[in-house]
Amino acid sequence: MAPTVVVTGSTKGLGLGLVRALVARGANVVVSGRKDADVASVCAELGDDKAHGRACDVSRYDDVRALWGSARERFGRVDVWVNNAGTSNAQRPFVELPPSDIAAVVGTNLAGMMNGSRVALEGMLAQAPHDGFHGLRGAVYNMEGFGADGARQRGMALYGSTKTALRYFTRSLVDETRDSGVVVGTTSPGIVVTELLTGVYERGEPELWRSKRRLFNFIADPVETVAPWLARRILDNTRPGAHLAWMTVLKGALRFFRPKYWRRDLFAKGG
Numbered sequence: 000m001a002p003t004v005v006v007t008g009s010t011k012g013l014g015l016g017l018v019r020a021l022v023a024r025g026a027n028v029v030v031s032g033r034k035d036a037d038v039a040s041v042c043a044e045l046g047d048d049k050a051h052g053r054a055c056d057v058s059r060y061d062d063v064r065a066l067w068g069s070a071r072e073r074f075g076r077v078d079v080w081v082n083n084a085g086t087s088n089a090q091r092p093f094v095e096l097p098p099s100d101i102a103a104v105v106g107t108n109l110a111g112m113m114n115g116s117r118v119a120l121e122g123m124l125a126q127a128p129h130d131g132f133h134g135l136r137g138a139v140y141n142m143e144g145f146g147a148d149g150a151r152q153r154g155m156a157l158y159g160s161t162k163t164a165l166r167y168f169t170r171s172l173v174d175e176t177r178d179s180g181v182v183v184g185t186t187s188p189g190i191v192v193t194e195l196l197t198g199v200y201e202r203g204e205p206e207l208w209r210s211k212r213r214l215f216n217f218i219a220d221p222v223e224t225v226a227p228w229l230a231r232r233i234l235d236n237t238r239p240g241a242h243l244a245w246m247t248v249l250k251g252a253l254r255f256f257r258p259k260y261w262r263r264d265l266f267a268k269g270g
C-alpha cells in the first residue's frame with residue numbers, strides 16, 4: 000500500500016509543489032488550506048484516486064484533528080505529516096507591527112506546528128507499523144525557515160522567533176519519540192521563490208527588496224526545483240532527528256563557480 004502524506008498549507012507555494020512531487024513518486028496526499036475552493040482545485044488537479052483534501056486552519060486544534068480524521072477515513076492511515084503551513088509579517092521593526100500580525104504569525108507558525116505535531120504523534124503512536132513505509136508507525140516533519148539557525152535580520156524578529164522555537168521544539172520531540180517507531184525531523188528548503196518570500200519585503204520595505212533581488216537570484220530556487228528533492232527525502236528517510244536541508248554551505252559555495260546562477264532572473268514577470 001502506498002504511503003499517505005498530509006501536508007498542511009498545500010494549496011499554494013512550496014506546499015503545493017510538494018504534494019505534486021509526492022504524487023509523482025506514487026504517494027497518496029492529503030491537501031489542506033484555509034479555503035475549500037482552493038483545496039478542491041488542487042485535489043481535482045492531482046486526481047481523486049491519489050489526493051484527498053480538507054480545509055483547515057492549523058491555529059485551531061479541532062480543525063487539525065478533523066484533518067487527521069478525514070485523512071484516516073479516506074486512506075486508512077497517515078504515514079507522514081508535514082507541518083508546512085506558515086505565514087510572515089511585513090519586514091518592519093517589531094514595534095511597528097500590529098498585534099494582529101503577532102497573533103497570525105505565532106498562531107500559524109508555532110501554535111499551528113505544535114497542533115499538527117500533537118495530533119499526528121498521538122495518531123501515529125496508536126497505529127501499527129507499516130511495511131509499505133519502512134516498517135515505521137509514521138513520520139512528522141516541521142518546516143524550518145529564516146531564524147531556525149539563530150540568524151537575525153532587521154524586521155524579522157517575529158517570524159524568526161517562531162522558527163527558532165520550531166527547531167528547539169522539534170529537537171525535544173526527537174528525544175521524546177526515540178525508539179517509538181515514529182520518526183521526527185525537520186525540512187529546510189532554503190530560500191524558495193514564493194509569495195511568502197516576496198511579500199515580506201513588498202509589504203514592508205520595497206527598497207530593501209530591490210537591493211536584495213540580485214542576491215536572491217543567486218541563492219534562491221524555484222519551487223519546481225526544491226519540491227521534488229524534498230519529496231524524495233521525506234519518503235526515503237528513516238533516521239530520527241534528520242535535518243533534510245536542500246541548501247548546504249558547500250552547495251551554496253559551488254554556485255560561485257557556475258555563471259548561470261549570476262545571470263538568471265527568478266523574479267521576472269511571467270518568469
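Numbering (numbering that gives the first Met the number 0), first residue to last: 0 to 270. Yeah, the Cβ is synthetic: ideal placement off N, Cα and C, and Gly gets one too.
Distance, W228 Cα to T185 Cα: Answer to the nearest angstrom: the Cα atoms are 14 Å apart.
First through last residue of the alpha helix (DSSP H) which encompasses A226: Looking at the DSSP string, the run of the alpha helix (DSSP H) that includes A226 is 222 to 235.
Minimum C-alpha distance to V183 - residue among H242, D220, G149: Closest by alpha carbon: H242.
Where L265 falls: helix, strand or coil (DSSP): Assigned with DSSP and collapsed to three states, L265 falls in coil, not helix or strand.
Cβ neighbour criterion (16 or more within 10 Å) applied to V38: By the 10 Å Cβ count, V38 comes out buried.
Beta-carbon proximity check, E223 vs G16, cutoff 9 Å: Cβ atoms of E223 and G16: closer than 9 Å.
Interface flag, R76 vs chain C, CB-CB below 9 Å: Among the protein chains of the structure shown there is no chain C, as only one such chain exists.
Cβ neighbour criterion (16 or more within 10 Å) applied to I233: Of the residues assessed, I233 falls on the buried side of the cut-off, its CB having 16 or more other CB atoms within 10 angstroms.
The stretch 88 to 99 touching the stretch 69 to 76, judged by at least three CB pairs closer than 8 Å: Taking 8 Å as the limit for Cβ pairs, the verdict is that the stretch 69 to 76 does not touch the stretch 88 to 99.
Own chain partners of A103 with C-beta closer than 7 Å, once the 5 adjacent residues on each side are dropped: Hits under 7 Å: T86.
T7 - containing beta strand (DSSP E), residue span: For T7, no beta strand (DSSP E) segment is defined, and its DSSP state is neither H nor E.
C-beta atoms of V22 and V5 nearer than 9 Å: Taking 9 Å as the cut-off, the Cβ atoms of V22 and V5 do not count as close.
Cβ contact (3+ pairs, closer than 8 Å) linking the stretch 100 to 119 and the stretch 160 to 180: Note that the stretch 100 to 119 touches the stretch 160 to 180; at least 3 beta-carbon pairs, one per stretch, sit closer than 8 Å.
Backbone CA spacing between S40 and R263 [nearest angstrom]: Between S40 and R263, the C-alpha separation is close to 31 Å.
Residue(s) in a DSSP beta bridge with M112: M112 is not bridged to any residue.
Contacts around G189, its chain only, beta-carbon distance under 6 Å, and the 5 residues preceding and following it disregarded: Cβ within range, chain order: W245, M246.
Neighbourhood of H51 by C-beta, 8 Å cutoff - its chain only, sequence neighbours within 5 removed: By the criterion of a C-beta distance shorter than 8 Å, H51 is surrounded in its chain by N27, V28, V29, V30, C42, S69, A70, R73, F74, once the five residues flanking it on both sides are discounted.
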